[in-house]
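Residue numbers (our numbering), protein chains in the order written: chain A, 1102 to 1367; chain B, 445 to 690; chain C, 7 to 443.
Positions of the beta carbon are idealized from the N, C-alpha and C atoms, including for glycine.
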Amino acid sequence: MTEVSANRPEMGVAAPLKISARNVSVFYGAKQALKNVSLDVSSEQVTAFIGPSGCGKSTFLRCFNRMNDTIDTARVTGEIRLDGRDINSPDMDVVQLRARVGMVFQKPNPFPKSIYENIAYGPRIHGLARGKVELDEIVENALRRAGLWDEAKDRLGESGTALSGGQQQRLCIARAIAVDPEVILMDEPCSALDPIATAKIEELIDDLRGRYAIVIVTHNMQQAARVSQKTAFFHLGSMVEYGDTSMIFTNPVQRRTKDYITGRYG
Amino acid sequence: MREPNAHTVKSFDDDIALLRSIISRMGGLCEAQIVGAVDALVTRNMDAAARVVAEDARIDALEAEAEALAVKIIALRAPLANDLREIVAALKIAGVLERIGDYAKNIAKRASVVAQAPPIGPVIIVPEMARVVVSMIRDVLDAFVDRDVDLARAVCERDRGVDDFYNSLFRSLLTFMMENPHYITPSTHLLFVAKNLERIGDHATSVGEMVHFAVTGEHLTDRPKSDDTSTYLNKSSDDAGFSDEP
Amino acid sequence: MTGFSPNAVLSPDDREPTNWQSARMRRRVEARYRAELFFKLAGLGALLLAGAFLAFLLFTIVRDGASGFRHSEVRISVQFSPQLLGIDPVAASGPDAAAVIRRGDYVGLMQATTAQLGLPVDVVSEGAWLALRRAVTDDPRVLGTTRTLWVPVTSSIDLLAKGKFDLARPAISRGISDRDVAAWRSLESRGLLRMRFNSLFMTEADSTAPELAGIAGAALGSLLTVLVALGLAFPIGVMAAVYLEEFAPRNRWTDMIEVSINNLAAVPSIIFGLLGLAVFLNFFNMPRSAPVVGGATLALMTMPVIVIAARLAIKAVPPSIRDAGLGIGASPIQLVFHHILPIALPGIMTGSIIGTARALGETAPLLLIGMRAFVTDVPQGFASPATVLPVQIFLWSDDVQRGFVEKTSAAIIVLLVVLLLLNSVAIYLRNRYERQL
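Below is the structure:
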């Protein structure tokens, strides 16, 4: 048994389906990094991917916005559908896909431009604002939603790289939000941050959960437990178990999942 | 079902082993207390009874130790899944064992009183009931240490026998009291002793349920209640003793 | 899988505790200190040796070239007589005044004036009459008046005034005739000579007379040539680098191209001269000796350098920036122009400036395409004949006239100063680049 679908909802109505992946495999040259993974990601929910290093969780995450395309030797098979449409089909514009599916990276990477320009860049290149006033509004909204407005509103012209680590990461989240995505992918967003900054980001994720589908890859199991509603455990390229977070962490079905989360690595 | 592989961080295993050993020791003490109290009752030995009463302090101390250790493990190790269930179960079991110890102390106290009155017949049943209850405690704690759900479930079934003992003792004591009114005081104490033992049996059963949940993550289905004293009415009296079981 | 048992660690009981204070250890430490001292001294020695060579070079050049920036002038009293000049005073204030003035016989006036000095040899420079004409052109009212002017002397007098001859030696081996020496002494004693900054050196083009020769022509020629070279090599080089780094697939063809470009950067520059000769001059029939051809040839030479520098700069852009750009949905072109090039630009410019400095100092390829002609005019545009500073230096160094010795060294000083400035700009940019990221 290689997968357990999310058929044990804890309460109420199932959240709307956003991304569905079926039999996804990723090859780097001859080496298979991801083996036949199928799972669903729902809107208004945080889904966490956990697992040891090299288990394929980041690789899988990067399939959702086709970032693996930038790697020459990478080959993706299987089907990934966003709102029902196959994202790997030739008539899906990858540039627009990446606006709809935003990404926040492990090390905060603001552009070496001003705070305002960092946020405004995305809407500008996608033509989302019809004038400076509208662009200003988008920037302010994004910064507010990311919880950075009060700290940044008097420093919009300063370089984005002058902020602290936690602020930079929130800036990157604001940058992703500014293009009004539907899904936000986060690849270990807090691993470079101190506990206070981490807590602020986790709070932010909680806030954002209502508007976006969020998928977060994390090494930190406690973070996955705190932040997500659904968790998938990956090991050696396969998805071992996927279910409600509370069940995964109190009573997982698979032996490998149990060993990993209780710290029995052998 | 054993966990064959250990935690990567060995000191975590050491902590859990320590917690289990405290529980085991508490269990051993409880068994000894029950046996000692019932012996004191049957042999009418007031000194033995007094010793049992004093020994209860050790069980209380162990419970405090177990609780502190469990809290420390939760804070420092952030246990998950089966580890978490086991720690929580250990915490609850320590509390239950402490209450069992209190029941044993209570039996010893009543033994002192009963010893001052002439001996009464139905006291014979008590040691047998105590034996069953002690074996239940031993087995259920073995089940906890070995993570043996089958043994735990078996223990839960044995509670029926304890309840039967209690029912028969209850009836015979009532009859005895009706026939020997001047023995009502010691008989009433004996009734309470029987009640304590029956309650110990119930507690052992609930420990068995905790063990089941700790190992499997699922609850045992409702356990059978065969204590029918609340439904029994003596034709010559209006009210029978109500069991405080729901 | 076996667990890691702490008891399996090598127990340190097997080893003797190390005695760090023993004689053997102390000897090791001393040997190490000696080796480090030797290394430091060797490095310092190499540095000092290189510094000595450099100091010697600079000293020699400055000693020889400093005097090139000064020249001697002689005082003459000029009577701007319209009759001698052959200028009609009426016409000189009429509508056609400029042309009339220009046609005056200033050479004759100069000859007449110098005759007054009473010396058997020419002491005034053959181009000094231009000063007379300039005086009248600037202010026609001097016509009919007598003015005192300072004009440049001949090279012989100039060199005598600068003490370039060893007068103790006999006339045959001295290099200067007795009459020139007598003339100079005469002028000196009459207080008619002065030494001034040689502005002609900066404003005039090449000339047969050393006292009139200047680097303006060569400097402007260098500038035009380098502009053409940079204007061609920079866009092509940067775009090639962008394509190779960002868009080209990784296959055998692109590998071959990369190897070829790296090798091109090491090809001797004279080969590019041959290429320019064959292609630009013989095939395309472009004007010989013009900055456009020289620039094109130098562009061929500079482009591989720029491509290599640009590729390195683009490779050095952190992948996190690419990830961020791609993640927000930038297209490949937007990624290049909005993110990668701005960050790589300082590195690209450093490489370009270094390539340009190299191009500025090139002589061989330009000689081959004909920029060795004797060009007396400052170039008017990209297609007019010109020469460049290094070639000018080469030509002057070859000239028999003694006056050109100091000019050669002075021109070398100018070239070195320009190169120093360019390299300083490159270093400044590189430091800013390192600080920014």
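Contact between L123(C) and L138(C) does not hold, since the beta-carbon distance rounds to 15 Å and is not under 8 Å. For E542(B), the enclosing alpha helix (DSSP H) stretches over residues 525-560. The beta carbon of D1187(A) is closer than 8 Å to those of E1180, I1181, M1193 in its chain, skipping five residues each way along the sequence. Partner residues in the beta bridge of Q85(C), as assigned by DSSP, are T152(C). For L634(B), the uninterrupted alpha helix (DSSP H) segment begins and ends at 628-660.
If you check each beta-carbon in the stretch 1167-1185 of chain A against every beta-carbon of chain C, the ones closer than 8 Å belong to M1168, T1171, D1173.
A residue is called buried when at least 16 other Cβ atoms come within 10 angstroms of its Cβ; H626(B) does not meet this threshold and is exposed.
By a beta-carbon distance limit of 8 Å, V540(B) contacts H647(B). Their separation comes to about 5 Å. Beta-bridge analysis with DSSP links D20(C) to no other residue. Per the coordinates, the alpha-carbon of L374(C) lies some 8 Å from the alpha-carbon of I276(C). With fewer than 16 other Cβ atoms inside 10 Å of its own Cβ, M31(C) counts as exposed. Chain order gives the chain A residues near S326(C) as F1206, K1208, N1210, where near means a beta carbon separation below 8 Å. Sequence-distant Cβ neighbours of S73(C) in its own chain, meaning closer than 7 Å and more than five residues away, are K168, E412. Annotated as distal: A552(B) and L641(B), with beta-carbon spacing of 7 Å or more. Per DSSP, Q1133(A) is one residue of the beta strand (DSSP E) stretching across 1132-1143.
Per DSSP, the continuous alpha helix (DSSP H) segment holding D491(B) begins and ends at 490-521. Proximity of the stretch 298-305 of chain C to the stretch 220-237 of chain C meets the contact definition, three or more beta-carbon pairs being nearer than 8 Å. When C-beta atoms of the stretch 590-600 of chain B are compared with those of the stretch 557-577 of chain B, fewer than three pairs fall below 8 Å, so the two segments do not count as touching.
For I320(C), no pairing in a beta bridge is given by DSSP.
T1148(A) sits close to K1331(A), with the two beta carbons spaced by under 7 Å. The C-beta distance from L634(B) to I564(B) rounds to 7 Å, short enough to meet the 8 Å contact threshold. Under the DSSP definition of a beta bridge, T1178(A) partners with S1126(A).
In this structure, T660(B) is the residue among T665(B), L664(B), T660(B) with its C-alpha nearest to the C-alpha of Q1355(A).
In this structure, the CA atom of L1118(A) is about 47 Å from the CA atom of E601(B).
Using a CB distance cut-off of 7 Å, A1200(A) counts as an interface residue toward chain C. Any Cβ of chain A closer than 7 Å to the Cβ of D527(B) would place that residue at the interface, and such an atom is present. For A416(C), same chain residues with a beta-carbon under 7 Å away, outside a window of 5 residues either side, are G71, G74, F75, F207 in chain order. Sequence-distant Cβ neighbours of V384(C) in its own chain, meaning closer than 7 Å and more than five residues away, are A211, A222, G223, L226. Contact between L366(C) and L306(C) fails: their C-beta atoms lie close to 15 Å from each other, not under 8 Å. Linking A41(C) to M355(C) through their CA atoms gives a straight-line distance of about 41 Å.
A check of alpha carbon separations from Y547(B) across D583(B), C474(B), V453(B) identifies C474(B) as the nearest. With 16 or more other Cβ atoms from the protein chains shown falling within 10 Å of its own Cβ, K1158(A) counts as buried. Residues of the stretch 302-335 of chain C that bring their beta carbon within less than 7 Å of a beta carbon in chain A comprise S326, I327, D329, A330, L332, G333, I334, G335, in sequence order.
Fewer than three Cβ pairs drawn from the stretch 520-527 of chain B and the stretch 482-501 of chain B lie within less than 8 Å of each other, which leaves the two stretches out of contact.
Contact between G1261(A) and L1294(A) fails: their C-beta atoms lie close to 16 Å from each other, not under 8 Å. For R258(C), the nearest beta carbon of chain A is not closer than 7 Å to its own beta carbon.
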